[in-house]
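Asker: I am attaching a structure below and will ask some questions about it afterwards.
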Amino acid sequence: MPRVFNFSPGPATLPEAVLRQAADEMMDWHGSGMSVMEMSHRGKEFIAIHAEAEATLRELMGIPSGYKVLFMQGGAIGENAIVPMNLIGTNGKADYVVTGDWSKKSAKEAKTYGTVNIAANGEPSKFTAIPKQSEWKLDPAASYVHICSNETIGGVEFHWTPDTGSVPLVADMSSNILSRPIDVGKYGLIYAGAQKNMGPSGVTVVIVRDDLLGHALPVTPSAFNYQTQAEADSMYNTPPTYSIYIAGLVYKHVKANGGLAAMEEHNQAKARVLYDYLDASSFYSNPVAKEDRSLMNVPFKLKDDSLDEAFLKGAQAKGMIQLKGHRSVGGMRASIYNAMSMEGVKALVAYMQEFEKQHA
Ligand code: PMP
-10 MPRVFNFSPG
0 PATLPEAVLR
10 QAADEMMDWH
20 GSGMSVMEMS
30 HRGKEFIAIH
40 AEAEATLREL
50 MGIPSGYKVL
60 FMQGGAIGEN
70 AIVPMNLIGT
80 NGKADYVVTG
90 DWSKKSAKEA
100 KTYGTVNIAA
110 NGEPSKFTAI
120 PKQSEWKLDP
130 AASYVHICSN
140 ETIGGVEFHW
150 TPDTGSVPLV
160 ADMSSNILSR
170 PIDVGKYGLI
180 YAGAQKNMGP
190 SGVTVVIVRD
200 DLLGHALPVT
210 PSAFNYQTQA
220 EADSMYNTPP
230 TYSIYIAGLV
240 YKHVKANGGL
250 AAMEEHNQAK
260 ARVLYDYLDA
270 SSFYSNPVAK
280 EDRSLMNVPF
290 KLKDDSLDEA
300 FLKGAQAKGM
310 IQLKGHRSVG
320 GMRASIYNAM
330 SMEGVKALVA
340 YMQEFEKQHA
C-alpha cells in the first residue's frame, strides 16, 4: 500500500524521512543495543536525546534564554487547566479571547480556577473572523491574556501578535507551532500538543517565561506545576520519552529543510493553491474572512451537502483521507501542516476540480 495523503487535523501526517529514521533506529538506537522506547529516562542516552530535542527547538524558534522549555503530558486540553492553576494565582483573574471551539473550551475550563473575562468573542459571527484588537476589552489587572493562535476546527488564524502590554500573553499554538517564525519574546507562555506539526501525541511542549514560574495555586498537582517540572528538567515524572524522541527528529528535519522561514514559504504556497481554487469556484466555499484564514486547516463546504459522502468516498479511492470536517461545522476540512507536501495539495485540488465537473 503506498502512503496516503493524510489531511487529518491530528494526529497528523509526519515527514517520511523521520518515520524512516525512526524505523531504522527502532531495534538499536546508535549502538546502544536498545530501542528508545526501552531506555531509562535518566540514562545518558535518553538525556542526550532530550537535550538535543530542546536545543534544536530553541534554535528553530529562537527561544530567548529567559524561557524554560518543558516537555509535559496532558495535551492542550490538560493545559486548559494547567495554565490557570499555574498562572492565575497572582490575582485570580484572566482574560480570554474566544475565536473558536478550542479557545472557548479553554475559557470554560479556566473558570474552575478563577474569574474569567471574555475579552472578545467571535461566536456571534460564527467564528469566521478574529475580533480586531481595538474591540477587545482587556483588563489591565488580569494575570494573563489567553488566545488560540490557530483554531483547528474553524480555520481562523492570528496573522498578527496581540499587544497586551505588561500582561503576559498566553497562546495555545497546538495547530500552528513551527509553521512560521514567531517572536517568542512577545509571549509569556506558549503551549502546544505535538500531534500536528511536531510529532506523535503524548507530549505537550510548554515554553514559559521564567518570571511566571512559582505562582501555582496550592491545588496544582506536582506533575503539572511548571516550576517543579522546570527544576527537574521535565523529569519530575517519567516524560513521554518516545514522543520526545520523534519530536526531536522532526525538529532536526525542519532545521535541515530551511527552518521556520522555509516552512512559512512552503505553507503559504500550499494554502494559496487551495484558497485560490476555493475562491474561484462557485461549487465550494470557505466562510472565513480572507485576512484571518488559517494556513494549516482549511474548512470548506460543497454547494450541496448531500454530495459530502460521495466526495469523501471518491477522495478515499484516490488515497486522500481524513477530509471530513469537524462535526460541529460539517462539510470538509483539509489540514495541511508542515509535513503535507505541495504534491498532496495539488492532488486534492485536481480531485476537487474533477468532482465539481461531475456534479456541478
Ligand atoms: N487546542 C487546539 C488548537 C487543538 O487543535 C487541539 C486538538 N485538536 C486541542 C487544543 C486539544 O488537544 P489534545 O486533545 O491533545 O489535548
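Just so we're aligned, residue -10 is where the sequence shown starts under the numbering used here, counting upward by one. A virtual CB, placed ideally from N, CA and C, is assigned to each residue, including glycine.
With three or more beta-carbon pairs closer than 8 Å as the criterion, would you say the region 179 to 193 touches the region 147 to 163?
Answerer: yes
Asker: Where do the ends of the beta strand (DSSP E) carrying G60 lie?
Answerer: Per the sequence shown, residue 60 should be read as Phe rather than Gly. Unbroken beta strand (DSSP E) run through F60: 56 to 61.
Asker: Let's test the definition: count the other Cβ atoms within 10 Å of the Cβ of G63 and tell me whether it reaches 16, buried, or not, exposed.
Answerer: G63 is buried by the Cβ-count criterion.
Asker: Could you give the C-beta distance for A236 and G188, rounded to a whole number, given that I count them as a contact under 8 Å?
Answerer: Contact flag correct, Cβ pair sits at about 4 Å.
Asker: Smallest Cα separation from L59: which of Y264, T217, N256?
Answerer: T217
Asker: State the start and end residues of the unbroken alpha helix (DSSP H) segment that holds R261.
Answerer: 248 to 269
Asker: Could you check if S114 is buried or exposed, using at least 16 other CB atoms within 10 Å of its CB as the buried criterion?
Answerer: exposed
Asker: How many Å lie between L312 and E34 at the Cα?
Answerer: 39 Å
Asker: Nearest-angstrom Cα distance between F10 and S190?
Answerer: Position check: residue 10 holds Gln in this sequence, whereas Phe was assumed. Going from the Cα of Q10 to the Cα of S190 covers about 18 Å.
Asker: Tell me the residue span of the beta strand (DSSP E) that contains G182.
Answerer: 178 to 182
Asker: Could you check the C-alpha separation between V194 and V338 for me, to the nearest Å?
Answerer: Going by the C-alpha atoms only, they are around 33 Å apart.
Asker: Give a yes or no on whether the C-beta atoms belonging to V87 and A96 are separated by under 9 Å.
Answerer: Yes. Within cutoff.
Asker: Going along the chain, which unbroken runs of the beta strand (DSSP E) with 3 or more residues stay wholly within the region 118 to 191?
Answerer: 134 to 137, 158 to 161, 178 to 182
Asker: The alpha helix (DSSP H) spanning N69 covers which residue range?
Answerer: Per DSSP, N69 belongs to the alpha helix (DSSP H) from 64 to 76.
Asker: From K241 to T45, what does the alpha carbon distance come to, in whole angstroms?
Answerer: Distance between the alpha carbons of K241 and T45 is about 7 Å.
Asker: If R261 sits next to N286, beta carbons under 8 Å apart, how far is it from one beta carbon to the other, in whole angstroms?
Answerer: The pair is not a contact, with the Cβ atoms about 15 Å apart (cut-off 8 Å).
Asker: Would you call the CB atoms of N106 and A70 closer than 9 Å?
Answerer: no
Asker: Can the beta-carbon of A12 be found less than 9 Å from the beta-carbon of Y234?
Answerer: no
Asker: Report buried or exposed for W149, applying the criterion of at least 16 other Cβ atoms within 10 angstroms of its Cβ.
Answerer: exposed
Asker: How should V208 be labelled, buried or exposed, when 16 other C-beta atoms within 10 angstroms of its C-beta is the threshold for buried?
Answerer: exposed
Asker: Along the chain, where does the beta strand (DSSP E) that runs through A278 open and close?
Answerer: Per DSSP, A278 belongs to no beta strand (DSSP E) and is neither H nor E.
Asker: In angstroms with no decimal places, state the Cα-to-Cα distance between E146 and G22.
Answerer: Cα to Cα, the separation comes out at about 45 Å.
Asker: Apart from the five residues just before and just after G(-1), which ones in its own chain have a Cβ nearer than 6 Å to its Cβ?
Answerer: Q184, K185
Asker: Compute the minimum distance between the beta carbon of Q184 and the heavy atoms of the ligand PMP, and state whether it is under 8 Å.
Answerer: yes
Asker: Which two residues bound the contiguous alpha helix (DSSP H) that contains D49?
Answerer: The amino acid occupying residue 49 in the given sequence is Leu; Asp does not appear at that position. 33 to 50 is the extent of the alpha helix (DSSP H) around L49.
Asker: With C-beta atoms as the reference, is G81 less than 9 Å away from G103?
Answerer: Cβ atoms of G81 and G103: closer than 9 Å.
Asker: Does the ligand PMP have even one heavy atom less than 8 Å from the beta-carbon of E98?
Answerer: no
Asker: Touch check for the region 305 to 319 and the region 260 to 274: three-plus C-beta pairs under 8 Å?
Answerer: no
Asker: Kindly list the residues whose CB is nearer than 8 Å to the CB of S375, restricted to its own chain and excluding five residues on each side of it in sequence; keep chain order.
Answerer: Because the chain spans -10 through 349 in this model, residue 375 falls outside it and cannot be assessed.
Asker: Per the contact definition of three or more C-beta pairs closer than 8 Å, is the region 317 to 332 in contact with the region 273 to 289?
Answerer: As far as the Cβ criterion goes, the region 273 to 289 touches the region 317 to 332, which means the pair count is three or higher.
Asker: Between A130 and P229, what straight-line distance do the alpha-carbon atoms span, to the nearest angstrom?
Answerer: 36 Å
Asker: By the three-class DSSP mapping on this structure, what secondary structure does A109 have?
Answerer: strand
Asker: Going by DSSP, name the residue or residues bridged to L291.
Answerer: Y273
Asker: Please classify N344: does DSSP put it in a helix, a strand, or coil?
Answerer: In the sequence on display, residue 344 carries Phe and not Asn. F344 carries a helical assignment under DSSP once its states are collapsed to helix, strand and coil.
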